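Numbering (our numbering), first residue to last: 5 to 424. Beneath this line is the structure, given in structure tokens, with notes to follow.
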Ligand code: HAM
């Protein structure tokens, strides 16, 4: 049996995922953000209403099926819609604090064409903030995303744009009028987008150099004075925070719910090719209301963890590695109780210990020590028990030290395990 196309097992890369988890904890603690976990499976309608029927993600990429009760259900393609549903259903807005910040991480599913950095099951770390729009909040969210990458030792390039909420219909019409004469020269995807989701034509990877797109009106040209002032204020906050960014006038983001400031973090194309966007997000001021909640604006972002792992490897950043402190070799099955009890006592004090469960064949046991990359090895045999002494052999340098079998503190000292 093989895994499904576009899905993968995480085996050797666990250390990179652990690194990402540590960085997530660092930033969410620093920003004091609560964790939220929502179901992986939701009613299909949530995504149709939340993300827009005409977006590629909803129209072509969802894993949707009927459950045994004939209800249409969908494996979540992203985290925002489910978080908003929970926010409304669990009345999280009734909490005393005015600004509600939550984060999540977990698997998402999109039936996409698999390629480098694009999978059918992938993982996201996302943050959603429910609060009235404020340039300082949007800048803080961009800073969080940027600093998360720095915490990992990565440098991401921040691109921002502002989609006009007030003039979206007028802008969409102007864009369509501009593109109409060139329609048959656009790629097939863009021709399909023209009717349903024309804004997406702007950030098409195939047509990005097309003259008609280069000369097209941009969302920024259609902003109200108030929206322009807001966007300028976000930029001055980012300048003050010394966070480098560029304004990408053509960035529209793939999902329908965006209403204002949008942003993406990218890494070099040399690392991830066209899938070099490691995070995306922005304001979705109407989604809570659209899904039946109060009129409460919100903003957020999500990182794709697999893309971060590729970037970490490309930057030669070492993964989290917890080497085995001690491997206890056992010469004789009769000593397994002594070995087990020693291993247990050391483990309870925080040491990472493994042992041979079958005595005998030393050659095999030495192989196990090498395979497990243990820092120290000790051989427990009848002699050691008789003398009450065990020898800890350092596996990285030629050194060894004998220690009394009942001297746990000394053993932990040799292993370098700090304990109370
Ligand atoms: P998104 O841009 O669709 O936004 O996805 C966010 C990130 O998830 C992408 O930048 C990418 O790193 C990763 N990603 C997306 N699809 C795949 C895939 N097939 N394989 C691997 N990685 C992928 C959202 O999902 C929004 N919910 C973000 C958001 C939160 N906006 C506001 N709040």
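Backbone N, C-alpha and C define an ideal beta-carbon position, used for all residues, glycine too. Keep in mind it's a predicted model, so treat the numbers as computed, not measured.
Mind checking whether the beta-carbon of residue i lies closer than 7 Å to any heavy atom of ligand 3?
i, result
"residue 311", "Ligand 3 is absent from the structure shown, which contains only ligand 1."
Measuring only the C-alpha atoms, how far is residue i from residue j?
i, j, result
"residue 122", "residue 370", "42 Å"
"residue 10", "residue 125", "7 Å"
"residue 147", "residue 138", "14 Å"
"residue 193", "residue 355", "57 Å"
"residue 351", "residue 410", "15 Å"
"residue 3", "residue 155", "Nothing about residue 3 can be reported from this structure: the residues present for the chain run from 5 to 424 only."
"residue 400", "residue 379", "7 Å"
"residue 216", "residue 183", "6 Å"
"residue 152", "residue 226", "33 Å"
"residue 38", "residue 97", "14 Å"
"residue 275", "residue 21", "18 Å"
"residue 418", "residue 339", "23 Å"
"residue 145", "residue 30", "15 Å"
"residue 255", "residue 266", "8 Å"
"residue 81", "residue 317", "26 Å"
"residue 71", "residue 77", "7 Å"
"residue 206", "residue 141", "27 Å"
"residue 320", "residue 19", "13 Å"
"residue 397", "residue 390", "19 Å"
"residue 416", "residue 404", "14 Å"
"residue 323", "residue 75", "43 Å"
"residue 304", "residue 109", "13 Å"
"residue 277", "residue 119", "10 Å"
"residue 229", "residue 107", "33 Å"
"residue 250", "residue 381", "54 Å"
"residue 372", "residue 73", "51 Å"
Can you say whether residue i is buried or exposed, counting buried as having 16 or more other CB atoms within 10 angstroms of its CB?
i, result
"residue 189", "exposed"
"residue 218", "exposed"
"residue 341", "exposed"
"residue 57", "exposed"
"residue 36", "exposed"
"residue 238", "buried"
"residue 268", "buried"
"residue 235", "buried"
"residue 43", "exposed"
"residue 128", "buried"
"residue 383", "buried"
"residue 13", "exposed"
"residue 202", "buried"
"residue 273", "exposed"
"residue 211", "buried"
"residue 93", "exposed"
"residue 252", "buried"
"residue 393", "exposed"
"residue 175", "buried"
"residue 364", "exposed"
"residue 55", "buried"
"residue 158", "buried"
"residue 177", "exposed"
Name the one or two DSSP bridge partners that residue i has.
i, result
"residue 398", "380, 403"
"residue 305", "131, 285"
"residue 271", "For residue 271, which the question treats as bridged, DSSP gives no partner whatsoever."
"residue 163", "250, 268"
"residue 104", "134"
"residue 256", "According to DSSP, residue 256 bridges with nothing at all."
"residue 47", "77"
"residue 109", "129"
"residue 183", "The partner list for residue 183 (beta bridge, DSSP) is empty, contrary to what the question assumes."
"residue 393", "408"
"residue 334", "384"
"residue 358", "331"
Roughly how far, in whole angstroms, is the beta-carbon of residue i from the beta-carbon of residue j, given that I think they are within contact range, below 8 Å?
i, j, result
"residue 52", "residue 143", "About 32 Å separates the two Cβ atoms, so there is no contact after all."
"residue 85", "residue 50", "5 Å"
"residue 325", "residue 421", "With 8 Å as the limit, residue 325 and residue 421 do not qualify as a contact, their Cβ atoms being about 16 Å apart."
"residue 431", "residue 133", "Shown here, the chain extends from 5 to 424; a query on residue 431 therefore has no answer."
"residue 166", "residue 231", "6 Å"
"residue 395", "residue 413", "Not a contact, Cβ separation roughly 17 Å."
"residue 130", "residue 306", "4 Å"
"residue 312", "residue 282", "6 Å"
"residue 223", "residue 168", "5 Å"
"residue 149", "residue 103", "No, residue 149 and residue 103 are not in contact; Cβ-Cβ is about 17 Å, not under 8 Å."
"residue 221", "residue 187", "Actually they are not in contact, since the Cβ atoms of residue 221 and residue 187 sit about 16 Å apart, beyond 8 Å."
"residue 309", "residue 87", "With 8 Å as the limit, residue 309 and residue 87 do not qualify as a contact, their Cβ atoms being about 17 Å apart."
"residue 376", "residue 331", "6 Å"
"residue 360", "residue 333", "5 Å"
Inset, instruction - Report yes or no: do the segment 281–298 and the segment 258–267 share at least 3 C-beta pairs separated by less than 8 Å? - result: yes
Inset, instruction - Indicate whether the contact test is met: 3 or more Cβ pairs, each with one atom in the segment 58–73 and one in the segment 114–130, closer than 8 Å. - result: yes
Legend entry - Contact between the segment 343–358 and the segment 151–167 (3+ Cβ pairs under 8 Å): no
Inset, instruction - Indicate whether the contact test is met: 3 or more Cβ pairs, each with one atom in the segment 195–203 and one in the segment 271–290, closer than 8 Å. - result: no
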